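Numbering (the working numbering), first residue to last: 490 to 893.
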């Protein structure tokens with residue numbers, strides 16, 4: 490939708506390039522409306538995706554097992570689901586402009602805020618799993634190489650964080666100006682140091698033996714990325730070397746010729762890579778082998794029926810080898826269907842804001858981000874650090890609760 494070839498085809502749709510008085514998107518004589526067609530199309534594509542998954546979020550509430558008739562809809566009827574999605578997508582392109590894009594911008598900002606927190610939790614979960622596996626291998630093999638590996642990656646992540654902090658001060662702050670950027674960077678550095686110290690406190694280590702600097706280094710590096718993404722959205726050219734569009738007075742008066750649009754800036758590319766990696770990780774976690782083979786393993790806990798159990802186990806494994814699926818969710822689902830779709834709703838909104846560089850339609854003639862995007866990302870970094878801090882101190886504050 491952001492490619493020039495597709496944008497040229499979008500002119501034929503009824504909601505494109507209407508009268509400027511009817512649509513807040515039209516910038517009249519300053520900028521050709523075609524320069525914003527890709528972003529408006531992305532809004533509608535992601536609107537369709539979000540609505541599709543939101544409908545399934547509501548439909549799959551309280552599905553406990555595959556015996557629920559709605560579970561068949563979750564795991565089948567693929568032709569009809571793709572047909573519904575295509576229908577919603579086509580219908581989204583016929584939504585009149587009006588206040589749609591402005592309202593959907595705020596929905597995207599809230600959804601992206603929540604998804605940034607989910608990404609942080611996924612990264613922390615990944616770091617926990619990574620740390621636990623390597624520690625177990627170190628104990629089993631009695632080798633220090635695994636400890637050296639953990640130390641190396643922890644040092645690497647902290648080194649990258651320090652380099653990132655330095656570059657943020659160099660490129661996004663200047664003497665006498667850019668006070669907001671200086672405050673944001675300084676606060677996040679302080680918060681990251683605090684959570685790193687808390688992560689290695691003796692009482693925290695006693696309550697959570699798997700907690701350590703590896704997780705804190707991942708959180709610190711991700712916080713620096715979110716801070717970078719926030720500063721890259723500052724709508725002041727003196728404090729932001731990577732504005733989406735650069736305008737001069739003569740260019741605005743002359744029309745669309747001469748302006749420069751950078752659809753893929755560095756923070757957006759890194760953000761998309763992190764999004765893809767987190768999506769792959771959560772997919773692998775949802776299809777954990779222990780969960781998939783849960784019913785097969787349960788049969789081994791009954792000694793009186795050991796011979797029958799082994800025979801059944803072999804038969805079931807033969808069926809799996811033949812490519813047939815076994816329903817292992819009759820007693821309970823292996824993941825929450827409704828929450829799964831809700832995460833995809835937030836992912837759709839996050840992708841929408843990332844691809845459009847958090848541009849707010851109708852607010853300004855310049856195709857740049859606004860302070861809203863800056864504050865959303867900065868607040869998301871603070872909320873993420875607070876959430877990680879809570880995971881460290883919660884076992885101490887609530888000793889009677891199981892956090893394993």
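The beta-carbon is built from N, C-alpha and C at its ideal position, and this holds for glycine as well. Model, not experiment: these values are computed from the prediction.
* Asked: What does a CB cutoff of less than 6 Å around residue 821 pick up in its chain, not counting 5 residues either side in sequence?
  -> 554
* Asked: If you draw a straight line from the C-alpha of residue 819 to the C-alpha of residue 561, how long is it?
  -> 12 Å
* Asked: Do you know offhand how far residue 565's Cα is from residue 611's?
  -> 27 Å
* To do: Please classify residue 485: is it buried, with 16 or more other beta-carbons within 10 angstroms of its beta-carbon, or exposed?
  => The structure shown does not extend to residue 485, since the chain is modelled only from 490 through 893, so no value can be given for it.
* Which first and last residues belong to the alpha helix (DSSP H) in which residue 490 is found? -> From DSSP, residue 490 is part of no alpha helix (DSSP H); its letter is neither H nor E.
* To do: Starting from the C-beta of residue 837, find all residues in its chain whose C-beta is less than 6 Å away, skip the five residues before and the five after it, and write them out in chain order.
  => 535, 538 and 539
* **Euclidean distance between Cα positions of residue 652 and residue 713** => 10 Å
* How many angstroms separate the CA atom of residue 727 from the CA atom of residue 654? -> 19 Å
* Asked: If you run the structure through DSSP and keep just helix, strand and coil, what is residue 739?
  -> Caution applies to residue 739, whose pLDDT of 34 falls short of 50 and renders its modelled position unreliable; the value that the coordinates give is listed next. Three-state result, residue 739: helix.
* Return the chain-ordered list of same chain residues with a C-beta closer than 8 Å to the C-beta of residue 684, the five sequence neighbours on each side being excluded. => 705, 708, 709, 874, 877, 878 and 881
* Quick one: grab the DSSP three-state call for residue 794. => The predicted position of residue 794 is uncertain, since its pLDDT is 43 and thus under 50; a value taken from the coordinates is nonetheless stated next. In this structure, residue 794 counts as helix in the three-state DSSP scheme.
* Looking at the structure shown, is residue 666 part of a helix, part of a strand, or coil, going by DSSP? -> strand
* Just the Cα atoms here: how many angstroms apart are residue 669 and residue 617? -> 34 Å
* Asked: By Cβ distance below 6 Å, which residues in the same chain neighbour residue 680 in space, the five residues on each side in sequence not counted?
  -> 874
* Find the nearest neighbour of residue 635 within the set 665, 824, 532 and 622, judged by alpha-carbon distance. => 622
* Within 7 Å, strictly: CB atoms of residue 825 and residue 699 -> no
* Look up residue 724 in the DSSP assignment and say whether it is helix, strand or coil. => coil
* Rounded C-alpha distance that separates residue 672 from residue 627 -> 42 Å
* To do: List the endpoints of the continuous alpha helix (DSSP H) containing residue 572.
  => 567-581
* Looking at the structure shown, is residue 551 part of a helix, part of a strand, or coil, going by DSSP? -> coil
* Asked: When you compare each of 603, 495 and 573 to residue 842 by their alpha carbons, which one comes out closest?
  -> 603
* Can you list, in chain order, the residues of its chain whose CB lies under 7 Å from that of residue 794, leaving out five sequence neighbours each side? -> Unreliable placement is indicated for residue 794, whose pLDDT of 43 sits below 50; the coordinate value is still reported in the next sentence. None.
* DSSP on residue 837, reduced to helix/strand/coil? -> helix
* Asked: Would residue 956 pass as a contact of residue 661 if the rule is Cβ separation under 7 Å?
  -> No answer is possible for residue 956: the residues shown for the chain start at 490 and end at 893.
* To do: Measure from the alpha carbon of residue 677 to the alpha carbon of each residue in 640, 715 and 663, then state which is nearest.
  => 715
* To do: Write down every uninterrupted run of the alpha helix (DSSP H) in the segment 667-716 whose length is 4 residues or greater and which is fully enclosed by it, in chain order.
  => 668-688 and 691-696
* Count the other CB atoms within 10 Å of the CB of residue 866; is the residue buried (16 or more) or exposed (fewer)? -> buried
* Asked: How many angstroms separate the CA atom of residue 467 from the CA atom of residue 637?
  -> For residue 467 there is no data in the structure shown, the boundaries of the chain being 490 and 893.
* Asked: Taking the C-alpha atoms as reference points, what is the distance between residue 577 and residue 601?
  -> 22 Å
* Name the residue from 647, 608, 624 and 640 whose alpha carbon lies nearest to the alpha carbon of residue 770. => 608
* Mind checking whether residue 862 and residue 722 have CB atoms under 7 Å apart? -> yes
* **Under 7 Å between C-beta atoms of residue 869 and residue 605** => yes
* Closest by C-alpha distance to residue 845, when choosing among 590, 575, 831 and 717 -> 590
* Beta-carbon proximity check, residue 830 vs residue 542, cutoff 7 Å -> yes
* residue 630, enclosing alpha helix (DSSP H) - first and last residue -> 589-630
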